[in-house]
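Numbering (the working numbering), first residue to last: 380 to 483.
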C-alpha cells in the first residue's frame with residue numbers, strides 16, 4: 380500500500396522498497412527513511428533492537444516531519460490491505476468488499 384501527495388514522492392518510496400526487497404518507507408522533499416524487511420518482504424534478519432529503533436525512527440518521521448495525525452500510521456495502512464476484516468479493502472487485484480467477501 381502506498382499513499383502520498385505527488386507521483387515523485389510515491390515513486391521514490393516504492394523504489395526504496397523494491398531495492399530493499401520489502402519493508403516500510405517514507406520520503407519528504409529532503410529525506411528518505413527505510414525500514415528494510417527483506418525476508419519474504421515482511422521480516423528482518425537484523426537484531427530486534429535495531430528493527431525497533433528503525434521502526435520508531437520512521438514512525439516519528441511520518442508523524443513529525445510529514446504531519447500524520449494517525450496514532451499508528453503504518454499499522455493503519457496494513458489493516459487497509461487485510462482482506463478478512465470487514466468493509467472496503469485494497470488488494471493487488473483491486474477493491475475488495477469484506478462484508479460480501481467479493482471484489483467490487
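For every residue, glycine included, the Cβ atom is placed at its ideal position computed from N, Cα and C.
Source: prediction; values computed, not measured.
Compare the Cα-Cα distances from residue 472 to each of 434, 422, 482 and report the closest residue.
482
Quick check on residue 396: does DSSP put it in helix, strand or coil?
helix
If you compare alpha carbons, which of 454, 445, 448, 401 is closest to residue 419?
401
Can you tell which of 423, 412, 421 has the C-alpha that lies nearest to the C-alpha of residue 445?
412
Any idea if residue 380 is buried or exposed, counting beta-carbon neighbours within 10 angstroms, 16 or more meaning buried?
exposed
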